[in-house]
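Worksheet: the structure to be examined is printed underneath.
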Amino acid sequence: MGRITLQQAAEWCGGKIDPKYKDITFVGASNDTRKLQAGQLFVALKDVRDGHDFIPAALEKGAAAVLCTRADGNYPAIVVEDTRIALGDIARHERQRLNVKVVAVTGSVGKSTTKEMIARVLDGTYKVAKTPVNHNNDIGMPMAVLAMPEDTEVAVLEMGMNHFREIAYLTQIGKPDIGVIINIGTMHIEHLGSKEGILQAKLEIREGMPENGTLILNGDDNLLWGQRRNQDFRKVYFGLRNPDVTVQGDQVSEGDGSTSFTVRTGNEIFQVTLPLDGIHNVSDALAAISVALEMGVPTADIQRRLAAFSNMEGRQSVYKAKGFTIINDSYNAGPESMVAALNVLGSKEGRKIAVLGDMLELGINAQAEHYRIGRIAAEKADLLFAYGPTGERMLSGAVTGGMIGRARAFTDRARLVQALKIAARPGDVLLFKGSRGMRMELILEAFLQD
């Protein structure tokens, strides 16, 4: 990661500094004193709590300087009107200074997994940096850019959003050479109105791309396939069901915790095996393969690196604990990913228990989608524990689907955990999944406690 002087950073963001501190340097940035590392820039954000209240703690932990809206002159600081915007300005200039190749990933479902797969297949051919967990918004992504090592050749940046113009802002910071849109689902439809609105929000990724940039799109998604006639950027399509895509997967087989498939592109055909359950992971892998082929990664390296892929905690992590098989997919959820997770649960041997939290930000679709997921849970699971204000609607769907006496709804986390401990027995397979705001990992942690 590059050392940036306060003078340079102030020029980039239009901030003011005390001249005696102009040669102070910082490496990376953080807005959380619990995670702050010595030598970083502390960003005082006004959020639930005012970050300025934590400046003394940040300096005590070794912050090199502070990005803030007010300072008393007794410590190195860059004073700006808006620290959030200033952070983005500093990151945008640092990205330009490093002159790296940038791959930006967005979509409704599977962004983080796809980002991890892309970084995995590129790493070794290139020196790769990537956004860490949760760093896909207007705070996290700029901090990820500022954390990139000086010798980075390729940066893989995840871009999330739940409102219009959020990706437009991120793409102006990241300036991607390759933009990847993996799908258009219904997450965040409450704020964006329709799937067409979600499409337009995702397509904002184009605004920061150069004229010779490349868009990599899912050809199985009707809305994305409909973009093929636009002449704005070169497009590469991947898919499983569409025979006209450039990178096609077929002959998918699942078993023993892995998924294998064939990749066809041009005159080349090769086999890939993922150490993951679920056909939905194939689509994410095809996106990563498309990026790798665009960037000249040899086929043998793609095969080897994906065969050794491991996902982040909370993204369909399957493991044994206390005599149970746990499917920890607790990080987030929308209707599409919930169906995919239930399909994985349904493929397992043993009694199956679905512990499902509410799917948030669905707006007027919330009642219908939770009912639909309940119906699907009745097909895939033996027991359902629904959690959240819309859990009763999920319960209704499960009962309609035939899950009589085997489904319960809770709004109290402790009561759910107590009931789950009574119902579960060794050998069961348990799926934990829900939107980020439902904190399903806490239910999992409490369940596994003695």
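So in the numbering used here, the last spot in the sequence shown is 612, and the numbers never skip. Every residue, glycine too, gets a C-beta built ideally from N, C-alpha and C.
According to the DSSP secondary-structure assignment, Ile489 is paired through a beta bridge with Val480 and Leu593. Taking a contact as a CB-CB distance under 8 Å, the pair Leu557 and Ala569 counts as one, their CB atoms being some 5 Å apart. As DSSP reads the structure, Asp215 sits in no beta bridge.
Straight across, the Cα-Cα distance linking Ile584 with Ala560 is about 21 Å. When DSSP states are grouped into helix, strand and coil, Arg577 belongs to the helix group. Here the alpha carbon of Asn443 sits roughly 15 Å from the alpha carbon of Gly476. The Cβ atoms of Gly269 and Ile343 sit closer than 8 Å to each other.
For Tyr331, the enclosing alpha helix (DSSP H) covers residues Glu328 to Gly336.
In summary, Ser192 is buried, with 16 or more beta-carbon neighbours lying within 10 Å of its beta-carbon over all protein chains present.
For the pair of segments examined, the segment 311-320 was found not to touch the segment 351-359: the number of CB pairs separated by less than 8 Å stays below three.
If you keep only unbroken beta strand (DSSP E) runs of at least 3 residues inside the segment 267-341, you get 290-292 and 316-320. Counting along the chain, the unbroken beta strand (DSSP E) around Gly417 starts and ends at Val409 to Gly417. Annotated three-state conformation of Ala469 is helix, per DSSP.
Using a Cβ-Cβ distance cut-off of 8 Å, the segment 295-307 and the segment 248-255 are in contact, since at least three pairs of beta carbons, one from each stretch, lie closer than that value. In the structure shown, the three-state DSSP call for Arg587 is coil. With the rule of 3 Cβ pairs closer than 8 Å, the segment 331-343 does not count as touching the segment 233-245. Each residue's CA atom was taken as its position, placing Arg259 and Gly458 some 24 Å apart. Boundaries of the beta strand (DSSP E) harbouring Tyr549: Leu545 to Tyr549, taken from the DSSP string.
A straight-line Cα-Cα distance of about 7 Å links Tyr481 and Ile489. Each of Asp185, Asp446, Glu456 and Ser420 was checked against the Cα of Ala469, and the nearest Cα belongs to Ser420. The C-beta separation of Gly553 from Ala571 comes to about 4 Å, placing the pair in contact by the 8 Å criterion. About 11 Å separates the CB atoms of Ser597 and Ala528; that is not less than 8 Å, and the two are not in contact.
Spatial neighbours of Asp244 in its own chain (CB-CB distance under 8 Å, excluding positions within 5 residues in sequence) are listed in chain order as Thr231.
Residue pairing for Ala571: DSSP places it in a beta bridge opposite Ala548. The Cβ-Cβ distance between Lys184 and Thr167 falls below 8 Å.
Under the Cβ criterion (8 Å, minimum of three pairs), the segment 213-221 does not count as touching the segment 169-176. In summary, Val414 is exposed, with fewer than 16 beta-carbon neighbours lying within 10 Å of its beta-carbon over all protein chains present. C-alpha of Glu312 to C-alpha of Lys263: approximately 13 Å in a straight line.
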